[in-house]
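Read through the structure below, which is laid out as structure tokens, and then see the notes.
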Amino acid sequence: MENVPEVLMPLEFSAWLGPCLEHSRLYAEPAINRGYRPMPTPATPHRAPHFHPTTPGAAEVIGLPPLNAQIKAAIRFLIVDDDRTLRESCANLLQIDGYQVTVAGRGQEALELLRHRRFDIVLLDLYMSDVSGYELLKAALETAPETMVIMMTGNPSVASSVEALRLGAWDYLPKPFSATHFQILIGRAVHTVSVASDSKQQQADFVKEHGNSDRVQVLGVAPIFRRAIDLARRVAPTDASVFITGASGSGKELIAQFIHAHSRRSSKPLVALNCAALPEALLESEMFGHVKGAFTGAVRDKAGLLETANGGTLFLDELLEMSKPTQAKLLRVIQDGVVRRVGSETTDAVVNVRFIAATNGDPEEAVKSGTLREDLYYRLRVVPINVPRLQNRTEDIPLLANHFLNYYWHAHRGAEHGNAVPTLSDSAVRALRAHSWPGNVRELQNVIEHAVVLLEPGAELRAEDLPFSPGQFGVEEAASPSAAVTMPLEETYHVARERLLAEFERRYLTWLVGQADNNISRAARIAAVDRTTLYRLMERHGLQRRLTQTTEDS
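Residues in the sequence shown are numbered from 25 upward in steps of one, following the numbering used here.
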């Protein structure tokens, strides 16, 4: 490929500047977890005549501390746009500020650059003549997931911006834009890059210094998890509704807490409601409130959680368990902001609430089957976020395990042996990585707490201290039965078969109730057996006490 010149000829920046759009959020976001590798300082570029050499840089425009020349010289930009004037004008402005800049006028050229070189920040036109901007976005993140991609388009729409953010774009820049607008966005981006030089060490330091386990699930270096967190961070300052999907125990509620904490509503209440935990009549009363005499036991007027959350955020966990009539009432509140309590004939309150919904099921399938209203789903799914299973982010397991080890040691033994925190052995790390974690982070939390209460001060937590067989449901051991089970030297085929079947049955049922949040109806649906059969199996293994009943079980 022909090399792109490092020094670009200046062009009149004013030729393409339009009115400043009120798009950029004027704040500096927390850093994503990534580092940078120092690069040689590029040759001093020609300066665009529209900008004086003393023009404030991007950092100064938004009130951030200025970056030194060495840090700026290490940050690598790629600008991809088939508009030559815009492309080179942006490049000149960045080079004036001291950054390394490469440009590409065609999508195929950009793909080639992305395959062979690493860039910290990519400015990418959404509509290229030869390759879709979405395709280039995917290619950039597949090659280097830590790359920060800013999508640009002259035809902005809510749908295109949501899709770009869903695919992993860091931000979205509508054209035309002013120099100030451009500098604000770039200022935020370069500071995000510069303050994250050693993400793993920063997270390890946090784990050592803090004992707040409620925040641990937002710790992670796995790219698939960081994308979810970055998307949560970007959507947090808006009032957009968010729909979070993910397996039980993966941290959906903590993502909701993270969004609320980083929002403009953080000083107001975050109210959580588990739609699967209450009978339907009680769920409706809890959410909307009721008036005196609405039903037996309603001895006084009571405000619902929608009114409690006014000005803040309402988190609706396990939304798919909500009945269709209650969904219809919720939809009216989302559309009109008006709450009518159960038993009332008038409007009782006008509320301003942000909605975050979550489920461990498949909402698309629920819409197809008719259990979830399509209009409600799309009202809540302005920005969808999927929280990955712990099995898919194994690089985070040692980090999380060490955090839980530190937290639970101080919780259970800190008064007497606070300075004698046990350590995690290599064998324990291997065993933790080999486990499949059907219960996700919640299961890891319980496993570490179980081990901690039995450890001596200053001891090393070993694989044999963990309350599961190394390799249980593990991917690596699946092809080798002997790695996952212990076979006595003298055991007949039939005896071994019965023992292993019983062991599998118990493990499967334990996994099943975890997936179903201990709900027997949901567990029966997952296992494709009737509730009576499932209950008998649970009784056989002494697990029936883990099950809970709901109105659908009655």
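Using N, Cα and C, we set each Cβ at its ideal position, and we do this for glycine too.
Got a sec? Which residues, its chain only, sit under 6 Å from G566 by beta carbon, not counting five neighbours each side?
none
Tell me the DSSP secondary structure of R15 in three-state form.
No answer is possible for residue 15: the residues shown for the chain start at 25 and end at 578.
So what does DSSP say about R289, is it helix, strand or coil?
coil
To which residues of the same chain is S290 closer than 7 Å at the C-beta, ignoring the five residues directly before and after it?
H284
Whole-number beta carbon distance between I174 and I145, since they are thought to touch under 8 Å:
7 Å
Buried or exposed: E579, going by 16 or more other Cβ atoms within 10 Å of its Cβ?
The chain is shown only over 25 to 578; residue 579 falls outside these bounds and no answer can be derived.
Assuming L485 contacts T447 (C-beta within less than 8 Å), just tell me the rounded distance between them.
7 Å
Which of the three DSSP states is assigned to Y123 in this structure?
coil
7 Å CB neighbourhood of E345 in its chain, flanking five on each side removed
C299 and A300
Which class does K96 belong to by DSSP, given the choice of helix, strand or coil?
helix
CB contact flag (Q359, R397, <8 Å):
no
Assign V266 to one of three DSSP states: helix, strand, or coil.
strand
Distance between beta carbons of S274 and N464, contact taken as under 8 Å:
4 Å
Can you tell me where the beta strand (DSSP E) holding M175 begins and where it ends?
M172 to T177
Applying the criterion that 16 or more other CB atoms from any shown protein chain within 10 Å of the CB defines a buried residue, is P198 buried or exposed?
buried
Please confirm if the region 424-442 is in contact with the region 468-479, defined as three or more CB-CB distances below 8 Å between the two stretches.
yes
Backbone secondary structure at T447 - three-state DSSP:
strand
Through-space distance from N543 to R555, alpha-carbon basis:
10 Å
Taking DSSP as the reference, what is the three-state secondary structure of L478?
helix
My output table needs one value for S545: the three-state DSSP class, helix, strand or coil.
helix
Tell me which same chain residues have a C-beta within less than 6 Å of the C-beta of A381, skipping the five on either side of it?
F267, L340, L343 and L404
What are the start and end residues of the beta strand (DSSP E) that includes V407?
V407 to N410
Taking contact to mean at least 3 C-beta pairs separated by less than 8 Å, is the region 410-430 in contact with the region 365-374?
no
Pair within 8 Å by beta-carbon distance, V217 and M172
yes
From L550 to S347, what distance separates their C-alpha atoms?
Going by the sequence as given, residue 550 is Ile instead of Leu. Roughly 19 Å separates the two Cα atoms.
Would DSSP call P54 helix, strand or coil?
Residue placement at P54 is poorly supported in this model, since its pLDDT is 31, which falls under 50; the coordinates are not used for a value here.
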